């Protein structure tokens, strides 16, 4: 991967036409915790799994899920501070849009604006790209539900289900296997917890912690982060299911 | 002689049309939020200043300071609140009371509290009354061209343990006094204070030492002002500052 | 024959010459006309089954200073007609005095009782003539052959009648009481209590009114003037020992005594 | 790399640690003095009546952050007449730190903070690091040789929950002793600050320090 | 727009909402306002809602310039949303915070000479500690707290009624009766008031509840009004043959 | 509006031509299946009629129209701004812009410059998200939504008529007659409205203009 001297600025492309800084950023995202977003019949579920760095941490402190407006949520991975600066940028865009156009910012417009922002960090010399990928989920009366993911390179697409981080491949297969489109949000949550834990295969020894949030018609499309107690039970239940699945396979 | 000019009225038709009827009905007709005595009512403009009236008296004693203030704030002829405290504590040894416009007073007091807190955090000691007096003077002058509509009395125990009162005008000219009165009843209260307490006009400079006598005088002054000044009334709030802290108590006075 | 000296006589009635001068000076900005002070008051009147109740507060203010703590605002126009006056105190007193004299003359000429409406109309005509410059807001009440009546005459010269009236700076507070508690055909006690409550509303809630409540009840050929029926506003606290004026407070620089020699008349009082 | 070097600067700073129970948060830190003539470097600052911080790393950066936090708290009090919520203030610091890492011309803060405070949602102990990350702990130690202090805290952190602030302070001093084996703890080079649900943020006076240190030294069981 | 003309700020209120009232009763706060917005002397809007819930435990009622009231709502919505999306365990903005924030906003606008021309009453009952707050801010930023508050003309008229009949343990029905009395007086005497009023109750368990508007009954059928017409007063006799 | 105009404005006697205002009666009514907009044709200053048959119906986007009343220079500039912002929003959304945001942009412009503008406008139209909507922003920035809207100096004369005769969900023909008689009555009484009636019918799939000349106002 070393680009022999081409890899320190974004302003220079290597002979093979690659910007190494961006690829380093994508690498940082690859090794970080898994995040995924799934669109269901009546809402969207966002989730992430984290390793608890030290026993003495208060539960739920390393927040990865943020809400941009009361009806749009987001989850970030990789360098959390970079992710948060994108979230703050998103909040400013939302307030400015609402002040001028009087309606809540459509998720599609928000996603495009944040994507442009991310891309802007990949062209100037000296400014490093965002070392984070962000999944945006929201609902508005313009286009209904929308689930977008923005990569460090500035790419931004709309998904039915998307994932990023170390368990990306495994999560994608699981999502394709289960037909979430027909499922309701409440049915989808346990499955997603299982997928997230499976994605953490190789980190089994450390204490794992999930963080899940939903936007669904039951909560009036308000972005709600599920409270700690509920999520902890979920993780325990999911772990047992994985164990007995392993027993059957072995 | 024709009756026409006998009555002398119609000659001044111009005067008749132009003048503004100053009857009460005219006041009620105006948009309600501009309800103040219509003499200085600018035509349709927004006047940023309003005087919420009220009176406050401060008397310095040998080792204490007494503040007596009424607790009524009003706007025009209508009472806004009957139990509004006009004094705030800046440090354990220093209190500020003011009459004038409540919005400016509260902002000024908050600003002073913030500056005192920063001073305490930075130098690890509480500021003395003299330094606060200087600070207040500068703060007021800071807003020379849009002044705080607040007439302040800064009272506290100075370094050698004596009570002291600092009197201010709205834009920051101040000096050290032994007693002071501010607000709507100041013209009524000033003569009693001059007579009863030792001030500049006395050759013998001895500060009163008996708290109860000074307290009774303070209460009596506010009561007598309430008799004659329509903007003073409801309750009198007595604040006594001495070396072991600040005591506050309230007593009712005439409510009309 | 031409009585030219008549022209030199001062014309009767009000003299408005200095109005032009005042206006010219005010416009030129040299001198601002003295601020016309708004006097505060609360007066009210109410009709009941067989009569009228008039009530008033007793505070006369000049701007923000209380001039008189116990003045009388209910004026007697005729045995069966009373009127309470708000606005400029001098105007009310003199105008009511003038109307009282005219009513008395009318009573003597026609050997019959005065009518409330006539008193009201005289007041209104007078006020209109002077274009509202006379600050008299009056509530005229009385009982005459047409029954109990209550009429309000404002300073610009209109009059109207309602079962209950309030005027003065405290009229707003008093009107709230009237509007909510007035009932038709009230008894004497109810009407008096209602009026007292209305005036107390003005006393406590309006800065322009205060001190005590005067009430006057007028029924067919009888009136009762209840002066200071309620008087619970007094100085709450006064310094126990009163004020001493110690001589030693001032440093004596020099003392000079001189015996006063009196040639005639009694000896001066001994002051030593 | 910029961030790793900044974290290294935090490790150079003398140890600071913090621990919290349901009602109190205690901050303890070892004060270094460049040489015996100079006074000891102040390590614990009071931000507001309900919040205090202990620092590790470049004290100049720390002073800048402390001034920023104090004015933020005052502004919040000026507009809302209530205490600044802790997490949001720590968020603001994290945002400032993050900006320093993404722009070319700027260097990250070379200081880590332990923010101890009390608000409606209970007691909080946050640790911020130059990368802009912040985490909430029950107990935490930062600075030089903080690892040994951490091991002590990890052993005992379960029983902190219900303790009063005196006990917490003792645990803190024992942890500090574990990490500062050779230097002898006196009331000059140790400072302890604490805040409680009903107790404004306050530093321990010299006598209190002396009494606690005495207690620690004689009942010194093996860390 | 007009070049060369300094951008003057002093605005004059145009769409005026009449006074609003607020009072504390046994289990919380009751705010009341009528539903008319007057454009000069014309009652332009008959069903305007002049009260709004800022958050689940705080409500605001506003009199004065209604376009400024809409601006105020935008400011508060932005403030509340900012508090919600923080997701840090609790909503830190309590009724007192919103109250002080509003007085700071009004004070700053007054300093610029471009005020939000409103007299607003903020009431709130904190769901956790249950303590009740009622405060009023006028266009200068003056803060007044109390058990019952009135803005605009009602301050002159109905302060008496509130003072005489307020007790700490008022039931909701009694509180409603007091408010209806005051609204009746306002409907009689205030040119811009209407007889359709709206009441908001804020209680510990239900939080902010804005009831639908309803009309109040005035006293119009006194005998005096019927027969004491001008024929009775004027010196003229009309004979019907 | 140059300074000269402004000075003229202040000294009435000397003022030959004051600022061009649309005295105007403008009305918008929602009927069953669409919205009908009506406006008179007179744009005058305080002395004489500047434009006899001016068109006060401003197109903003495919299915959004706004009606102008107040100083015509101000209102046309505001309409230009709103058209510009709506185009941006339409591009970003890739679909028709919501009527609500057109109205909110107008409100934002009028409210923040309320001391130097005199414009009170009605913005109505159709969008795929909320269907037919009518919004009204008056000259001080007060924002209202409703099933019908009325503005302009002529409007004050016909409040009574509308209160009496307005019914929800009228048919298209009934609504047309209703608007015609409203504006005719207004022009009958208001000296700064008149000339002609311009009508506009907005439905989901088409927008249709109509012109009624003075002599068939059918008012006695």
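Protein chains in written order, with full-length UniProt numbering: chain A, 1 to 250; chain B, 1 to 256; chain C, 1 to 272; chain D, 1 to 223; chain E, 1 to 241; chain F, 1 to 220. The beta carbon of each residue, even a glycine, is placed where N, CA and C say it ideally should be. Since this is a predicted model, take the numbers as computed values, not measurements.
Under the Cβ criterion of 9 Å, residue 114 of chain D is not counted among the residues facing chain B. Residue environment for residue 234 of chain C: exposed (fewer than 16 other C-beta atoms within 10 angstroms of its C-beta). When the five nearest sequence neighbours on each side are left out, the beta carbons in the same chain lying within less than 6 Å of the beta carbon of residue 82 of chain A are those of 130, 131, 132, in order along the chain. Contact check between the segment 78 to 87 of chain E and the segment 25 to 40 of chain E: fewer than three CB pairs, one atom from each, fall below 8 Å, which does not count as touching. For residue 102 of chain A, the C-beta contacts it makes with chain F under 8 Å involve 100, 101, 103, 104, 105, 107, 108, in order along the chain. Per DSSP, reduced to three states, the secondary structure at residue 133 of chain C is coil, with no helix or strand assignment. Secondary structure in the segment 126 to 186 of chain E: the beta strand (DSSP E) runs of 3 residues or longer, each lying completely within the stretch, are 132 to 137, 143 to 145, 148 to 150 in chain order.
Residues of the segment 43 to 66 of chain E with a C-beta atom less than 9 Å from some C-beta of chain F are 44, 45, 48, 65, 66, listed in chain order.
Annotated three-state conformation of residue 43 of chain F is strand, per DSSP. Proximity of the segment 90 to 109 of chain B to the segment 151 to 158 of chain B meets the contact definition, three or more beta-carbon pairs being nearer than 8 Å.
A check of alpha carbon separations from residue 98 of chain C across C/88, C/84, C/108, C/77 identifies C/77 as the nearest. If you check the CB distance, residue 221 of chain B and residue 57 of chain B come in under 9 Å. For residue 129 of chain F, the residues of chain A that pass the 7 Å Cβ criterion are 141, 142, in the order they occur in the chain. Interface criterion not met: the Cβ of residue 85 of chain A is under 9 Å from no Cβ in chain E. Residues 60, 62, 137 of the same chain have their beta carbon placed closer than 6 Å to that of residue 120 of chain E, with the five preceding and five following residues left out of the count.
Counted as a single uninterrupted DSSP element, the beta strand (DSSP E) harbouring residue 151 of chain F occupies residues 148 to 151.
Residue 170 of chain C is not a Cβ neighbour of residue 82 of chain C, given a cutoff of 9 Å. For the segment 94 to 126 of chain D, the beta-carbon criterion of a distance under 9 Å to any beta-carbon of chain E is satisfied by 119, 120, 121, 122. Sorting A/199, A/200, A/182 by C-alpha distance to the C-alpha of residue 41 of chain A places A/182 at the top. In the three-state scheme derived from DSSP, where H, G and I count as helix and E and B as strand, residue 135 of chain B is classed as helix. Spatial neighbours of residue 107 of chain F in its own chain (CB-CB distance under 7 Å, excluding positions within 5 residues in sequence) are listed in chain order as 137, 141, 143.
Residue state for residue 44 of chain C is assigned as strand, using DSSP reduced to three classes. Going by DSSP, residue 227 of chain C is part of the beta strand (DSSP E) stretching over 222 to 230. In this chain, residue 82 of chain C is not harboured by any alpha helix (DSSP H); it is covered by the beta strand (DSSP E) spanning 81 to 87. Judged by DSSP secondary structure, residue 55 of chain C falls within the beta strand (DSSP E) whose first and last residues are 51 to 57. At the C-beta level, residue 116 of chain A and residue 135 of chain A stay beyond 9 Å of one another. With a threshold of 9 Å between beta carbons, residue 23 of chain E makes no contact with chain C. When only Cα atoms are considered, residue 97 of chain F and residue 90 of chain F end up about 5 Å apart. Taking a Cβ-Cβ threshold of 9 Å, the residues of chain E close to residue 117 of chain C are 233, 235, in chain order. Restricting attention to beta strand (DSSP E) runs no shorter than 3 residues, the segment 42 to 97 of chain D encloses them at 44 to 48, 51 to 57, ordered along the chain. The criterion of a C-beta distance shorter than 9 Å is satisfied by residue 144 of chain E and residue 80 of chain B. Against chain A, the beta carbon of residue 84 of chain E has neighbours under 7 Å at 70, listed in chain order. For the pair residue 234 of chain B and residue 89 of chain D, the Cα-to-Cα distance works out to about 43 Å. When the five nearest sequence neighbours on each side are left out, the beta carbons in the same chain lying within less than 6 Å of the beta carbon of residue 84 of chain C are those of 43, 54, 56, 73, 74, 139, in order along the chain. Per DSSP, residue 40 of chain D lies in no beta strand (DSSP E) and is assigned neither H nor E.
Residues of the segment 165 to 189 of chain D whose Cβ lies closer than 7 Å to any Cβ of chain A: none.
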